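In the numbering used here, the protein residues as written are 16 to 180. Have a look at the structure below, then the notes.
See the structure below:
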């Protein structure tokens with residue numbers, strides 16, 4: 016996974032109570048050299064800083080870290096790692112609204128970016144190069160964020176960015 020072209024990305028945006036149509040619910044998560052899952056706290060913090068730097072460059076206010084959104088992002092990343100899938104929908108069909116409801120977060124706008132890449136800087140760069148992901152990052156309606164970064168193998172980490180208002 017040395018190239019941005021090999022980054023695995025997915026974006027989902029929900030407005031109000033609208034559900035997005037999924038082309039496929041999820042993809043299998045394949046990690047060439049799996050290792051025990053480890054939270055990469057420094058990368059989570061750096062990802063938030065990078066997002067806020069990008070927002071500032073566009074004249075947007077920063078997003079603030081929300082504990083419930085962070086919990087939802089972490090639980091989703093852990094679920095993807097444990098059950099070896101990659102997507103906004105779980106194998107049993109649970110979606111971002113389901114995950115936000117499960118942690119007690121009430122939202123009017125919600126969006127999610129997920130990535131599988133070698134590290135935070137590559138994942139962030141890949142997300143910013145994708146129009147749908149960039150739109151989620153730069154959405155002026157979102158005010159809060161929850162981020163998870165999980166190392167899942169040699170040169171492989173899962174990233175979840177949950178945005179909401």
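We treat Cβ as the ideally placed atom computed from N, Cα and C, and that holds for glycine. Note that the structure is a prediction, hence the values are computed from the model and not measured.
{"Query": "Beta-carbon proximity check, residue 124 vs residue 163, cutoff 8 Å", "Result": "no"}
{"Query": "Three-way DSSP call (helix, strand, coil) for residue 118 in this model", "Result": "helix"}
{"Query": "Cut-off 6 Å between Cβ atoms - residues of its own chain near residue 176, not counting five sequence neighbours on either side", "Result": "128, 162"}
{"Query": "CB-CB length for residue 100 against residue 174, believed under 8 Å", "Result": "Not a contact, Cβ separation roughly 15 Å."}
{"Query": "Residue from 166, 169, 159, 140 whose Cα sits closest to the Cα of residue 76", "Result": "159"}
{"Query": "Residues near residue 53 in its chain [Cβ-Cβ closer than 8 Å; skip 5 each side]", "Result": "165, 166"}
{"Query": "Per-residue DSSP class, three states only, for residue 69", "Result": "helix"}
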